[in-house]
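Under the working numbering, the sequence shown has 774 at position 227, and the numbering climbs by one with no breaks. Some notes on the structure that comes next.
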Amino acid sequence: MLDRLEFVLAEALEAIRRNGWMAFAAINTTAIALLVFGGLAYAYVGIQNRLAELGTQFTLIVSIKDGVGMDGIHEMAQYARKLPGVKRVVHLPKEEHWKKVLQKYPDISRGAKNPFPEQLLIEIASMEQVDAVRAAMERHPLYWPEKGIQDANRERFLLRKLTDFVHFAGALLVLFTFLTAGTLIYNTVHLAVMARRQEIHTMRLVGASHATIRWPFLLEGGIEGMLGGILAGFALWGITAWLSRLVATYSLLQIGGGTPGWTGVWSLAALGAALGMLAAGLSVRKYLGAIR
(Lines of atoms letter the chains of each structure in order from A and count residues from 1; the text may use other names and numbers.)
(Lines give C-alpha, C1' and ligand atoms only; values in the text may rest on other atoms or scores of the structure.)
Protein backbone atom coordinates (compact mmCIF):
# COMPACT_ATOMS: atom_id res chain seq x y z
CA MET A 1 0.00 0.00 0.00
CA LEU A 2 2.77 2.44 0.96
CA ASP A 3 4.69 1.52 -2.19
CA ARG A 4 1.67 2.42 -4.31
CA LEU A 5 1.19 5.75 -2.51
CA GLU A 6 4.88 6.53 -2.96
CA PHE A 7 4.62 5.71 -6.67
CA VAL A 8 1.53 7.89 -7.16
CA LEU A 9 3.08 10.86 -5.34
CA ALA A 10 6.41 10.54 -7.17
CA GLU A 11 4.66 10.40 -10.54
CA ALA A 12 2.53 13.46 -9.72
CA LEU A 13 5.55 15.53 -8.64
CA GLU A 14 7.51 14.43 -11.70
CA ALA A 15 4.63 15.48 -13.96
CA ILE A 16 4.54 18.93 -12.32
CA ARG A 17 8.31 19.27 -12.77
CA ARG A 18 8.11 18.13 -16.39
CA ASN A 19 5.34 20.58 -17.27
CA GLY A 20 7.31 23.43 -15.74
CA TRP A 21 5.90 26.80 -16.77
CA MET A 22 2.48 25.38 -17.58
CA ALA A 23 2.16 24.05 -14.03
CA PHE A 24 3.48 27.37 -12.67
CA ALA A 25 0.81 29.25 -14.63
CA ALA A 26 -1.90 26.88 -13.39
CA ILE A 27 -0.84 27.36 -9.75
CA ASN A 28 -0.78 31.15 -10.04
CA THR A 29 -4.09 31.35 -11.89
CA THR A 30 -5.67 29.13 -9.24
CA ALA A 31 -4.23 31.43 -6.57
CA ILE A 32 -5.82 34.47 -8.24
CA ALA A 33 -9.18 32.69 -8.59
CA LEU A 34 -9.20 31.60 -4.95
CA LEU A 35 -8.02 35.03 -3.77
CA VAL A 36 -11.00 36.60 -5.55
CA PHE A 37 -13.34 34.00 -4.07
CA GLY A 38 -11.87 34.29 -0.58
CA GLY A 39 -11.94 38.08 -0.67
CA LEU A 40 -15.58 38.20 -1.74
CA ALA A 41 -16.59 35.58 0.84
CA TYR A 42 -14.72 37.47 3.56
CA ALA A 43 -16.37 40.75 2.52
CA TYR A 44 -19.84 39.15 2.44
CA VAL A 45 -19.50 37.69 5.95
CA GLY A 46 -18.14 41.00 7.22
CA ILE A 47 -21.02 42.95 5.68
CA GLN A 48 -23.58 40.65 7.30
CA ASN A 49 -21.84 41.05 10.67
CA ARG A 50 -21.86 44.83 10.30
CA LEU A 51 -25.57 44.84 9.37
CA ALA A 52 -26.29 42.75 12.46
CA GLU A 53 -24.38 45.29 14.57
CA LEU A 54 -26.43 48.16 13.12
CA GLY A 55 -29.71 46.40 13.85
CA THR A 56 -32.96 48.11 12.86
CA GLN A 57 -32.76 51.23 15.02
CA PHE A 58 -32.53 54.75 13.60
CA THR A 59 -29.37 56.24 15.07
CA LEU A 60 -26.94 59.07 14.52
CA ILE A 61 -23.42 59.24 15.92
CA VAL A 62 -22.42 62.90 16.22
CA SER A 63 -18.78 63.99 16.54
CA ILE A 64 -17.85 66.60 19.16
CA LYS A 65 -15.07 69.13 18.63
CA ASP A 66 -11.66 68.23 20.02
CA GLY A 67 -10.85 69.67 23.43
CA VAL A 68 -14.45 70.00 24.65
CA GLY A 69 -14.74 69.12 28.35
CA MET A 70 -17.41 67.07 30.11
CA ASP A 71 -19.51 70.18 30.78
CA GLY A 72 -19.69 70.90 27.06
CA ILE A 73 -20.49 67.27 26.25
CA HIS A 74 -23.27 67.27 28.86
CA GLU A 75 -24.70 70.52 27.45
CA MET A 76 -24.69 69.12 23.90
CA ALA A 77 -26.37 65.91 25.10
CA GLN A 78 -29.10 67.93 26.83
CA TYR A 79 -29.61 69.92 23.63
CA ALA A 80 -30.04 66.66 21.67
CA ARG A 81 -32.52 65.20 24.18
CA LYS A 82 -34.84 68.19 23.68
CA LEU A 83 -35.11 67.65 19.92
CA PRO A 84 -38.40 66.16 18.59
CA GLY A 85 -38.19 62.41 17.96
CA VAL A 86 -35.08 61.76 20.07
CA LYS A 87 -35.54 58.70 22.30
CA ARG A 88 -32.13 58.39 23.93
CA VAL A 89 -28.72 60.10 23.95
CA VAL A 90 -25.54 58.30 25.08
CA HIS A 91 -22.02 59.67 25.38
CA LEU A 92 -19.41 57.52 23.56
CA PRO A 93 -15.97 58.22 25.10
CA LYS A 94 -13.22 58.22 22.50
CA GLU A 95 -10.93 56.08 24.69
CA GLU A 96 -13.53 53.32 24.90
CA HIS A 97 -13.99 53.43 21.12
CA TRP A 98 -10.23 53.19 20.59
CA LYS A 99 -9.94 50.18 22.94
CA LYS A 100 -12.63 48.34 20.96
CA VAL A 101 -10.85 49.07 17.67
CA LEU A 102 -7.55 47.77 19.06
CA GLN A 103 -9.29 44.58 20.22
CA LYS A 104 -11.00 44.11 16.86
CA TYR A 105 -7.88 44.90 14.81
CA PRO A 106 -4.89 43.63 16.83
CA ASP A 107 -2.52 44.38 13.93
CA ILE A 108 -2.77 48.11 14.71
CA SER A 109 0.22 49.39 16.68
CA ARG A 110 -0.58 49.93 20.36
CA GLY A 111 1.44 53.13 20.27
CA ALA A 112 -0.69 54.69 17.52
CA LYS A 113 -2.49 57.94 18.29
CA ASN A 114 -6.22 57.75 19.02
CA PRO A 115 -7.88 59.37 15.97
CA PHE A 116 -11.44 59.32 17.32
CA PRO A 117 -13.43 62.28 18.67
CA GLU A 118 -15.81 62.27 21.59
CA GLN A 119 -19.23 61.29 20.24
CA LEU A 120 -22.93 61.22 21.08
CA LEU A 121 -25.11 58.28 20.06
CA ILE A 122 -28.63 59.55 19.35
CA GLU A 123 -31.53 57.10 18.97
CA ILE A 124 -34.48 58.45 16.98
CA ALA A 125 -38.09 57.27 17.03
CA SER A 126 -38.70 57.11 13.26
CA MET A 127 -36.86 57.40 9.97
CA GLU A 128 -38.89 60.52 9.02
CA GLN A 129 -37.33 62.45 11.93
CA VAL A 130 -33.70 61.52 11.21
CA ASP A 131 -32.96 64.35 8.77
CA ALA A 132 -34.40 67.01 11.09
CA VAL A 133 -32.35 65.78 14.05
CA ARG A 134 -29.25 65.58 11.87
CA ALA A 135 -29.70 69.17 10.66
CA ALA A 136 -30.22 70.41 14.23
CA MET A 137 -27.05 68.72 15.47
CA GLU A 138 -25.04 70.13 12.57
CA ARG A 139 -26.02 73.63 13.73
CA HIS A 140 -24.73 73.10 17.27
CA PRO A 141 -21.51 75.10 17.96
CA LEU A 142 -19.72 72.08 19.46
CA TYR A 143 -20.38 69.84 16.44
CA TRP A 144 -17.18 68.81 14.59
CA PRO A 145 -17.99 68.90 10.83
CA GLU A 146 -14.60 67.48 9.79
CA LYS A 147 -15.42 64.22 11.62
CA GLY A 148 -19.06 64.35 10.59
CA ILE A 149 -22.14 62.35 11.56
CA GLN A 150 -22.53 58.61 11.10
CA ASP A 151 -26.02 57.73 9.93
CA ALA A 152 -26.88 54.06 10.56
CA ASN A 153 -29.77 54.18 8.10
CA ARG A 154 -27.55 55.41 5.26
CA GLU A 155 -24.88 52.92 6.24
CA ARG A 156 -27.39 50.05 6.06
CA PHE A 157 -28.45 51.24 2.60
CA LEU A 158 -24.86 51.33 1.33
CA LEU A 159 -24.02 47.95 2.84
CA ARG A 160 -27.05 46.34 1.22
CA LYS A 161 -26.03 47.80 -2.14
CA LEU A 162 -22.57 46.36 -1.57
CA THR A 163 -24.12 42.98 -0.75
CA ASP A 164 -25.98 43.04 -4.07
CA PHE A 165 -22.69 43.71 -5.87
CA VAL A 166 -20.99 40.80 -4.09
CA HIS A 167 -23.90 38.52 -5.02
CA PHE A 168 -24.06 39.26 -8.73
CA ALA A 169 -20.87 40.88 -10.05
CA GLY A 170 -18.82 38.87 -7.56
CA ALA A 171 -20.41 35.59 -8.62
CA LEU A 172 -19.64 36.29 -12.28
CA LEU A 173 -16.03 37.20 -11.46
CA VAL A 174 -15.55 34.06 -9.37
CA LEU A 175 -17.06 31.89 -12.11
CA PHE A 176 -14.75 33.41 -14.73
CA THR A 177 -11.59 33.00 -12.65
CA PHE A 178 -12.52 29.45 -11.59
CA LEU A 179 -13.11 28.46 -15.22
CA THR A 180 -9.77 29.98 -16.22
CA ALA A 181 -7.91 28.18 -13.44
CA GLY A 182 -9.73 24.91 -14.12
CA THR A 183 -8.95 25.15 -17.84
CA LEU A 184 -5.24 25.66 -17.17
CA ILE A 185 -5.09 22.66 -14.83
CA TYR A 186 -7.12 20.67 -17.36
CA ASN A 187 -4.63 21.48 -20.14
CA THR A 188 -1.62 20.88 -17.89
CA VAL A 189 -2.84 17.38 -17.05
CA HIS A 190 -3.65 16.82 -20.72
CA LEU A 191 -0.01 17.57 -21.60
CA ALA A 192 1.14 15.14 -18.90
CA VAL A 193 -1.13 12.41 -20.29
CA MET A 194 0.09 12.95 -23.84
CA ALA A 195 3.74 13.00 -22.73
CA ARG A 196 3.29 9.61 -21.06
CA ARG A 197 1.05 7.97 -23.63
CA GLN A 198 3.62 5.28 -24.51
CA GLU A 199 4.19 4.51 -20.83
CA ILE A 200 0.42 4.39 -20.20
CA HIS A 201 -0.02 2.01 -23.12
CA THR A 202 2.66 -0.28 -21.68
CA MET A 203 1.07 -0.16 -18.21
CA ARG A 204 -2.24 -1.23 -19.71
CA LEU A 205 -0.58 -4.15 -21.49
CA VAL A 206 0.88 -5.45 -18.22
CA GLY A 207 -2.51 -5.18 -16.47
CA ALA A 208 -2.16 -1.99 -14.40
CA SER A 209 -5.46 -0.92 -12.87
CA HIS A 210 -7.28 2.25 -13.93
CA ALA A 211 -6.67 3.70 -10.46
CA THR A 212 -2.91 3.19 -10.76
CA ILE A 213 -2.93 5.06 -14.08
CA ARG A 214 -5.35 7.82 -13.12
CA TRP A 215 -4.31 8.77 -9.58
CA PRO A 216 -0.95 10.39 -10.42
CA PHE A 217 -2.78 12.79 -12.75
CA LEU A 218 -5.52 13.48 -10.21
CA LEU A 219 -2.90 14.13 -7.54
CA GLU A 220 -1.02 16.41 -9.93
CA GLY A 221 -4.12 18.58 -10.34
CA GLY A 222 -4.80 18.45 -6.60
CA ILE A 223 -1.28 19.57 -5.70
CA GLU A 224 -1.39 22.44 -8.18
CA GLY A 225 -4.76 23.54 -6.82
CA MET A 226 -3.63 23.18 -3.20
CA LEU A 227 -0.48 25.26 -3.79
CA GLY A 228 -2.62 27.91 -5.45
CA GLY A 229 -4.96 27.86 -2.46
CA ILE A 230 -2.09 28.26 0.01
CA LEU A 231 -0.74 31.24 -1.94
CA ALA A 232 -4.23 32.77 -2.03
CA GLY A 233 -4.71 32.17 1.71
CA PHE A 234 -1.51 33.95 2.68
CA ALA A 235 -2.22 36.78 0.23
CA LEU A 236 -5.73 37.23 1.67
CA TRP A 237 -4.33 37.18 5.21
CA GLY A 238 -1.82 39.90 4.37
CA ILE A 239 -4.30 42.06 2.46
CA THR A 240 -6.95 41.93 5.18
CA ALA A 241 -4.37 42.74 7.87
CA TRP A 242 -3.25 45.77 5.86
CA LEU A 243 -6.83 46.88 5.21
CA SER A 244 -7.69 46.49 8.90
CA ARG A 245 -5.02 49.01 9.81
CA LEU A 246 -5.96 51.30 6.93
CA VAL A 247 -9.71 51.57 7.62
CA ALA A 248 -9.76 51.24 11.40
CA THR A 249 -11.03 54.81 11.83
CA TYR A 250 -13.80 54.53 9.23
CA SER A 251 -16.76 52.63 10.67
CA LEU A 252 -18.45 52.09 7.29
CA LEU A 253 -15.39 50.19 6.07
CA GLN A 254 -14.97 48.08 9.21
CA ILE A 255 -16.65 45.03 7.72
CA GLY A 256 -14.06 42.31 8.15
CA GLY A 257 -13.77 41.77 11.87
CA GLY A 258 -10.10 40.78 11.85
CA THR A 259 -8.20 38.52 9.48
CA PRO A 260 -8.96 35.00 8.16
CA GLY A 261 -5.71 33.60 9.62
CA TRP A 262 -4.81 29.93 9.31
CA THR A 263 -8.45 28.94 8.90
CA GLY A 264 -8.57 30.94 5.68
CA VAL A 265 -5.29 29.45 4.41
CA TRP A 266 -6.32 25.82 4.95
CA SER A 267 -9.87 26.40 3.70
CA LEU A 268 -8.61 27.87 0.42
CA ALA A 269 -5.99 25.11 0.15
CA ALA A 270 -8.72 22.45 0.48
CA LEU A 271 -10.94 24.24 -2.03
CA GLY A 272 -8.01 24.58 -4.43
CA ALA A 273 -7.18 20.88 -4.13
CA ALA A 274 -10.82 19.98 -4.87
CA LEU A 275 -10.89 22.31 -7.90
CA GLY A 276 -7.60 20.90 -9.18
CA MET A 277 -8.68 17.28 -8.81
CA LEU A 278 -12.00 17.99 -10.51
CA ALA A 279 -10.31 19.62 -13.51
CA ALA A 280 -7.70 16.84 -13.64
CA GLY A 281 -10.40 14.17 -13.42
CA LEU A 282 -12.25 15.65 -16.41
CA SER A 283 -9.02 15.82 -18.39
CA VAL A 284 -7.96 12.26 -17.55
CA ARG A 285 -11.42 10.90 -18.36
CA LYS A 286 -11.32 12.45 -21.83
CA TYR A 287 -7.73 11.86 -22.89
CA LEU A 288 -6.98 8.46 -21.36
CA GLY A 289 -9.79 7.06 -23.49
CA ALA A 290 -7.96 8.27 -26.59
CA ILE A 291 -4.82 6.30 -25.70
CA ARG A 292 -5.00 2.67 -26.77
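Beta carbons are placed, not taken as given, at the ideal position from N, Cα and C, and that holds for glycine.
Measuring CB to CB, does residue i end up less than 9 angstroms from residue j?
i	j	result
ILE611	LEU706	no
ARG635	GLU670	yes
ILE760	ILE747	yes
ALA562	VAL736	yes
THR576	GLY823	no
ILE732	GLY780	no
PRO664	LYS647	no
MET684	ALA728	no
GLU767	ALA817	no
ALA812	ILE786	One point to set straight first is that residue 812 is Val, not Ala, in the sequence displayed. Their beta carbons are not under 9 angstroms apart, which means VAL812 does not touch ILE786 by this criterion.
How far does the alpha helix (DSSP H) with residue i in it reach, from first residue to last?
i	result
ARG743	Looking at the DSSP string, ARG743 is not in any alpha helix (DSSP H), and its letter there is neither H nor E.
GLN625	617-628
VAL648	641-651
ARG681	677-685
I'd like to know if residue i contacts chain B, where contact means its C-beta is closer than 9 angstroms to some C-beta of that chain.
i	result
VAL609	The question asks about chain B, but that chain is absent: this structure has only one protein chain.
Could you tell me the boundaries of the beta strand (DSSP E) in which residue i lies?
i	result
GLN666	666-671
Where does residue i fall in DSSP's three states?
i	result
HIS748	helix
SER830	helix
LYS612	coil
GLY823	helix
VAL736	helix
PHE721	The sequence shown places Val at residue 721, rather than the Phe named in the question. Correct three-state label for VAL721: helix.
LEU800	Note that LEU800 has pLDDT 49, beneath the 50 cutoff, so the model's placement of it is unreliable and the number below is only indicative. Note: LEU800 maps to helix in three-state DSSP.
VAL753	coil
GLY808	helix
PRO763	helix
LYS919	Given that the chain is displayed from residue 548 to residue 839, the structure contains no residue 919 and the question cannot be resolved.
How would you call residue i, buried or exposed, if buried means at least 16 neighbouring beta carbons within 10 angstroms?
i	result
GLU558	buried
ARG832	exposed
LEU581	buried
TRP809	exposed
ASN661	exposed
LEU752	exposed
LEU726	exposed
GLY775	buried
PRO763	buried
HIS644	buried
VAL740	buried
GLY819	buried
LYS694	buried
Bridge partners of residue i, per DSSP?
i	result
LEU607	ILE669, ASP698
HIS638	LEU667
TYR690	ILE611
VAL633	ILE671
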